[in-house]
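Trainee:
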Amino acid sequence: MKTNPGRFFEDYEVGQVIRHAVPRSVSGGERALYHALYPARHALYSSNEFARASGLPDSPIDDMAAFHIVFGKSVPDISLNAVANLGYAEARWLRPVYPGDTLRSESEVIGLKQNSSGKTGVVYVRTTGFNQHDLPVMEFVRWMMVRKNNLDAPAPEAVVPQTAAVVDPSDLVIPAGLDFSHYDFGLAGEPHRVGDYEVGERIDHVDGVTIEEAEHMMATRLWQNTSKTHFDATPRADGKRLIYGGHVISMARALSFNGLANAQMIGAINAGSHANPCFAGDTVRAWSEVLDRAEVDAPGVGALRLRLVATKGGEAFTLKGEDGKYLPHVLLDLDYWVLMPV
Amino acid sequence: MKTNPGRFFEDYEVGQVIRHAVPRSVSGGERALYHALYPARHALYSSNEFARASGLPDSPIDDMAAFHIVFGKSVPDISLNAVANLGYAEARWLRPVYPGDTLRSESEVIGLKQNSSGKTGVVYVRTTGFNQHDLPVMEFVRWMMVRKNNLDAPAPEAVVPQTAAVVDPSDLVIPAGLDFSHYDFGLAGEPHRVGDYEVGERIDHVDGVTIEEAEHMMATRLWQNTSKTHFDATPRADGKRLIYGGHVISMARALSFNGLANAQMIGAINAGSHANPCFAGDTVRAWSEVLDRAEVDAPGVGALRLRLVATKGGEAFTLKGEDGKYLPHVLLDLDYWVLMPV
Amino acid sequence: MKTNPGRFFEDYEVGQVIRHAVPRSVSGGERALYHALYPARHALYSSNEFARASGLPDSPIDDMAAFHIVFGKSVPDISLNAVANLGYAEARWLRPVYPGDTLRSESEVIGLKQNSSGKTGVVYVRTTGFNQHDLPVMEFVRWMMVRKNNLDAPAPEAVVPQTAAVVDPSDLVIPAGLDFSHYDFGLAGEPHRVGDYEVGERIDHVDGVTIEEAEHMMATRLWQNTSKTHFDATPRADGKRLIYGGHVISMARALSFNGLANAQMIGAINAGSHANPCFAGDTVRAWSEVLDRAEVDAPGVGALRLRLVATKGGEAFTLKGEDGKYLPHVLLDLDYWVLMPV
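Residue numbers (my numbering), protein chains in the order written: chain A, 1493 to 1834; chain B, 1493 to 1834; chain C, 1493 to 1834.
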């Protein structure tokens, strides 16, 4: 068979490195599309001059766009036969991606655990994106439940990797040259610095965006994520497509500008849950909670750890029911570090 | 509160200059998206070679794209609490915007008049867009009705600015170097020169485009106009969003290519009314009426003053009822100057 | 009348050369949009580095994007009054199109044959696209049925051009420098070479994409194809628009990556039929059949002749009924040559 059947649980082994296909060059086109698809307004990604005044050579491609490209490349090799995405950890941005760069990615299998049913297992991978100079631009760990094809295949020795619950702020990689000493709060849109946010503070980002099929498909294709569930309406009676979870992350992150305009760069994602599926017609809103603050080693730059919650209706600041499960209106619960002026 | 509450009527004073946030760099990406979102075919904005043959260094970003970006930046500061946009005047394009340029904008409050209800007032601003060299690229006056938050705030002294009903052709700013002496009418698509249009002549632009939610939202986000009414379907029972008036202007202007292919550049907008709201599913058509002709000081270049009317059905060339009000199928009534070959 | 009425059958004569309007410059924006609109993953069009490793100066614009632009320019002059597109032949790609290039096109009338009804006739044209150096980038023959306006106009002498049923592989134009000797099959996504495909072999490309109105309109506008049937919903009771046939070609070609990842470049289209119309809501799938293999004169490069069939449901590998007519689920039947590693 010439087409890609994807890997099944028994096809993975710990230590295996899978080099993903189809490197991708980015340009101002990807940048413009990111702004057309999401209400993105963080100044560092909008203005070359603002980026240069912050010590970078030019305005990079949005951090989440870099994530989506690196992630998208891994889909045909890693998650084609996945039943469920179970989690993320230790996502770190290592180097900005600029127009003209070409990204590829590879994944190392770092854990395997067959489920007691014998029909599925959990696969843990660390995926790393590289630019055209073979320098890493970002990395993340994810784990998912994958079907077995040959149920007679023996269970592998169980290896469950230890990942950090939270990326230590000292492990955040600050882009070379980043300097917020001369930050223009007026141009950025808000006056709030790291020190203006209190741990425990919560922000309702107010605005909402109603999602369209055409938009999430354009976004998901742009990252060359070809998981058929996002494009093919025929399996569902209502003709809807399951929206790529990363589309919800980007939408919520962009909406969070209103109250977090200075949370310019994403340093790390500590953890993330896609609590409920998102469909066209849902109106996505977002709220944030300040989880921690930290110092980092760059002039004028500090770090804020945030919970970013995306919802489709429902009250802001509600998250889980008495049973400890996410309420039905919660789409995303993301724990991440941002870099912002002190 | 960390989120932006917007300004209320009592927060403005005449002479105040508001510097708008989030500068924006443009590239070939914005240009390609403009062509994907509107049926734009004016050759000067489509071909670098055509632009160079017309004396410009390169093909600029569409004039209306420049307007949308400059306008979009002003929304969070100026019109978040606006009840109604009441009018435009004295919009002039001062300098073409090229891929690689970064735009920011600022607004000066030039008039204030509290309404007799005491609950709202009219705010007049002159908004100017600047490129990365702090050179102005365009300017316009607009006025809108804005809510008071504190009803006890005293009424300001009424100041109503005098704006020109029509930009004098001698005030049109011709881009440096513009020269239509060697204009290629074949490549541009039509043979008609300024002198071929008679004052009073009317042109039905024939074609129609049915509007989709995904398209107007992508367009409006691309200009970083985050007015929630364009994105959030929840306030309306029919799940529709109010379409940004600028989307209708761009659509009508692009449709007007068929009959006005040589109306290459917009010199000024004299006045504009969004006569009725536009919603997804409407099929936008356009017709034009020639209002005036003028000479300008550039080789081979002349000016034509046009009325551009966008409709959603209804007969062409019908505009207002016997009561003097716009008929329900009229979306836009725009009075503007174009630059075209003599 | 200032608007374009289009040409009628009696307005054509054999030998006439029509220079089409509105040259178009392309950039990374067009490239990014192509990837947003189609699930395109062929590495040569995705990565500058992959293209350079294949001997090209940079990653070109997708071959089908070049076709769409050249074709789109011809619509106002050639097919505005066409009743039906009847066929394509001898489409050849002559030179890659790169970001920064500007395309224009012209058509030569190579055949005319009035129908026995006296109300319509068949017009045959050879359309050629040129870049800014006046070098041809592609050419194709198409023929369509066009209405007469003046039924009294005399029938022209019938001239029916002889076109090749299949482009001879020796007539394929290989881009200067193309070299697949050091081809990285891992980065390209599949291990299959020309020699791995057997004549008669059929491949079901598995994936499906449900089509949205917003997407096909953005695509069609991007190529400046302004045929109103693709944009104006009002003529049809169901509010749908007829989808540009080229949108289906691009969708099917992108879907064929899964099984034909190394079919990097299109060399020629031998013939193509839009078997049934495509509408929003249809889920497009694709299958291919290997028709021939050939050698070409470039290091490491070979040619494969393929049938590419797009469907909207129905079983793969079914094409025509017992009456010899296309089955209702078949959208496209395309016969084309690709260049791939040997």
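Glycine residues also receive a C-beta, built at the ideal position from the N, C-alpha and C atoms.
#1: Residues in the same chain with beta-carbon distance under 8 Å from C/V1686, minus the five sequence neighbours each way, listed in chain order, please.
#2: Name, going along the chain, the residues of the stretch 1768-1796 of chain C whose beta-carbon falls closer than 8 Å to a beta-carbon of chain A.
#3: For the alpha helix (DSSP H) that contains C/N1750, what are its first and last residues?
#4: Does the structure place the stretch 1726-1740 of chain B close enough to the stretch 1757-1772 of chain B that three or more beta carbon pairs sit under 8 Å?
#5: Assuming A/I1602 is part of the beta strand (DSSP E), what are its boundary residues?
#6: Less than 8 Å between C-beta atoms, sequence neighbours within five positions excluded: which residues of the same chain meet that for A/S1780?
#7: Where does B/M1556 land, buried or exposed, given buried means 16+ other C-beta within 10 angstroms?
#8: Tell me the start and end of each unbroken alpha helix (DSSP H) in the stretch 1685-1733 of chain B that is at least 4 residues and wholly inside, in chain order.
#9: My understanding is that B/D1663 touches B/Q1624, with C-beta atoms under 8 Å, so please give their C-beta distance in whole angstroms.
#10: For C/L1536 versus C/A1528, is the C-beta spacing smaller than 8 Å?
#11: Quick one: what does DSSP say A/V1665 is sitting in, helix, strand or coil?
#12: Where do the N-terminal and C-terminal ends of the alpha helix (DSSP H) with A/E1522 fall, by residue?
#13: Which two residues bound the contiguous alpha helix (DSSP H) that contains A/Y1537?
#14: In the DSSP assignment, what are the bridge partners of A/P1628?
#15: Quick one: which residues of the stretch 1503-1517 of chain C get their C-beta closer than 7 Å to a C-beta of chain B? List them in chain order.
#16: Return the residue from the list C/V1651, C/K1732, C/A1746 that minimises the CA-CA distance to C/G1700.
#17: For the beta strand (DSSP E) that A/M1493 lies in, which residues bound it at each end?
#18: If you compare alpha carbons, which of B/Y1504, B/D1550, B/P1568 is closest to B/A1513?
#19: Please confirm if B/R1533 has its CB atom under 8 Å from at least one CB of chain C.
#20: Kindly indicate which three-state DSSP category A/P1568 falls into: helix, strand or coil?
#21: Would you call the stretch 1583-1602 of chain B in contact with the stretch 1629-1649 of chain B, where contact means no fewer than 3 C-beta pairs closer than 8 Å?
#22: Helix, strand or coil, according to DSSP, for A/S1517 in the structure here?
#23: What do you get for A/R1511, buried or exposed, if any count of 16 or more other CB atoms within 10 angstroms of its CB means buried?
#24: Can the beta-carbon of A/P1646 be found less than 8 Å from the beta-carbon of A/E1505?
#25: At a Cβ cut of 7 Å, what residues of the stretch 1546-1559 of chain A count as close to chain B, listed as they run along the chain?
#26: What would DSSP say about A/V1506, mapped onto helix, strand or coil?
#27: Under 7 Å between beta-carbons, which chain B residues line up against C/L1627? List them in chain order, please.
#28: First and last residue of the alpha helix (DSSP H) that includes B/A1680?
#29: Looking at the structure shown, is C/G1773 part of a helix, part of a strand, or coil, going by DSSP?
#30: Measuring only the C-alpha atoms, how far is C/T1810 from C/L1819?
#31: From A/D1671 to B/V1617, what distance separates their C-alpha atoms?
#32: I need the boundaries of the beta strand (DSSP E) containing C/P1833, first residue and last residue.
#33: To the nearest angstrom, how far is it from the Cα of A/A1545 to the Cα of B/D1626?
#34: Would you say A/R1799 reaches chain B, if we count a Cβ-Cβ gap shorter than 8 Å as a contact?
#35: For a test of the three-state rule: what should DSSP assign to A/A1790, helix, strand or coil?
#36: With 8 Å set as the bound, which would you pick, yes or no: does the beta-carbon of C/D1663 sit closer than that to a beta-carbon of chain B?
Mentor: Taking the geometry as given:
#1: Taking the first residue of the third sequence as position 1, residue 1686 of chain C is located at position 194. If we look at C/V1686 and ignore the five residues flanking it on each side, its Cβ neighbours are R1785, G1794, A1795, L1796, M1832, P1833, V1834.
#2: Residues passing the 8 Å Cβ filter: G1773, T1775.
#3: Here residue 1750 of chain C is taken as the residue at index 258 of the third sequence, counted from 1. Per DSSP, C/N1750 belongs to the alpha helix (DSSP H) from 1749-1752.
#4: yes
#5: Within the first sequence, numbered from 1, the residue matching residue 1602 of chain A stands at position 110. First-last of the beta strand (DSSP E) with A/I1602: 1594-1606.
#6: The residue you call residue 1780 of chain A lines up with position 288 of the first sequence. So the qualifying residues of the chain are R1694, I1695, H1697, S1748, G1751, L1752, L1798, R1799, L1800, V1801.
#7: Here residue 1556 of chain B refers to the residue found at position 64 of the second sequence. Under a 10 Å Cβ-count criterion, B/M1556 is classified as buried, with 16 or more other Cβ atoms of the shown protein chains found around its own Cβ.
#8: 1705-1714
#9: Locating residue 1663 of chain B in the second sequence gives position 171, where the first residue counts as 1. Locating residue 1624 of chain B in the second sequence gives position 132, where the first residue counts as 1. At roughly 25 Å, the Cβ-Cβ gap does not stay under 8 Å, so B/D1663 and B/Q1624 are not in contact.
#10: Stepping through the third sequence from its first residue, residue 1536 of chain C is reached at position 44. Stepping through the third sequence from its first residue, residue 1528 of chain C is reached at position 36. Not in contact: C/L1536 and C/A1528 (Cβ atoms no closer than 8 Å).
#11: For the purposes of this step, residue 1665 of chain A is taken as the residue at position 173 of the first sequence. Three-state result, A/V1665: coil.
#12: Here residue 1522 of chain A corresponds to residue number 30 of the first sequence, with the count starting at 1. It spans 1520-1529 - the alpha helix (DSSP H) in which A/E1522 sits, taken as one unbroken run.
#13: Locating residue 1537 of chain A in the first sequence gives position 45, where the first residue counts as 1. Run containing A/Y1537: 1535-1538, per the alpha helix (DSSP H) assignment.
#14: In the first sequence, the residue the question calls residue 1628 of chain A occupies position 136. The bridge partners DSSP lists for A/P1628 are A/F1622.
#15: R1511, A1513, V1514, P1515, R1516, S1517
#16: Stepping through the third sequence from its first residue, residue 1700 of chain C is reached at position 208. Nearest option by C-alpha distance: C/A1746.
#17: For the purposes of this step, residue 1493 of chain A is taken as residue 1 along the first sequence, with counting starting at 1. Careful: A/M1493 lies outside any beta strand (DSSP E) and carries neither H nor E.
#18: Residue mapping note: residue 1513 of chain B aligns to position 21 of the second sequence, counting from 1. Measuring from the Cα of B/A1513, the nearest candidate turns out to be B/P1568.
#19: By 1-based counting over the second sequence, the position of residue 1533 of chain B is 41. By this cut-off, B/R1533 is an interface position.
#20: Along the first sequence, one-based indexing puts residue 1568 of chain A at 76. DSSP places A/P1568 in helix when its eight states are reduced to three.
#21: yes
#22: By 1-based counting over the first sequence, the position of residue 1517 of chain A is 25. Three-state DSSP puts A/S1517 in a strand.
#23: Position 19 of the first sequence, counting from 1, holds the residue named residue 1511 of chain A. It is exposed - the Cβ of A/R1511 has fewer than 16 other Cβ atoms within 10 Å.
#24: Against the first sequence, residue 1646 of chain A aligns to sequence position 154. Against the first sequence, residue 1505 of chain A aligns to sequence position 13. No.
#25: S1551
#26: Translated into the one-based positions of the first sequence, residue 1506 of chain A becomes position 14. Correct three-state label for A/V1506: coil.
#27: As a first step, residue 1627 of chain C must be located in the third sequence, where it is residue number 135. Neighbours of C/L1627 on chain B: none; closest Cβ ~14 Å, over 7 Å.
#28: For the purposes of this step, residue 1680 of chain B is identified with residue 188 of the second sequence, where counting begins at 1. 1677-1680 is the extent of the alpha helix (DSSP H) around B/A1680.
#29: For the purposes of this step, residue 1773 of chain C is taken as residue 281 along the third sequence, with counting starting at 1. For C/G1773, the three-state secondary structure derived from DSSP is coil.
#30: Position 318 of the third sequence, counted from the first residue, corresponds to residue 1810 of chain C. Position 327 of the third sequence, counted from the first residue, corresponds to residue 1819 of chain C. Each residue's Cα considered, the two are about 8 Å apart.
#31: The sequence position of residue 1671 of chain A within the first sequence is 179, counting from 1. The sequence position of residue 1617 of chain B within the second sequence is 125, counting from 1. In a straight line, the C-alpha of A/D1671 is about 35 Å away from that of B/V1617.
#32: Working through the third sequence from its first residue, we reach residue 1833 of chain C at position 341. 1822-1833 is the extent of the beta strand (DSSP E) around C/P1833.
#33: Here residue 1545 of chain A corresponds to residue number 53 of the first sequence, with the count starting at 1. Here residue 1626 of chain B corresponds to residue number 134 of the second sequence, with the count starting at 1. Each residue's alpha carbon lies about 15 Å from the other.
#34: By one-based count along the first sequence, residue 1799 of chain A stands at place 307. Answer no: the Cβ-Cβ gap between A/R1799 and chain B never drops below 8 Å.
#35: In the first sequence, residue 1790 of chain A corresponds to position 298, counting from 1. A/A1790 falls in the coil class under three-state DSSP.
#36: Looking up residue 1663 of chain C in the third sequence gives position 171. No, C/D1663 lies away from the interface with chain B (no Cβ there is under 8 Å from its Cβ).
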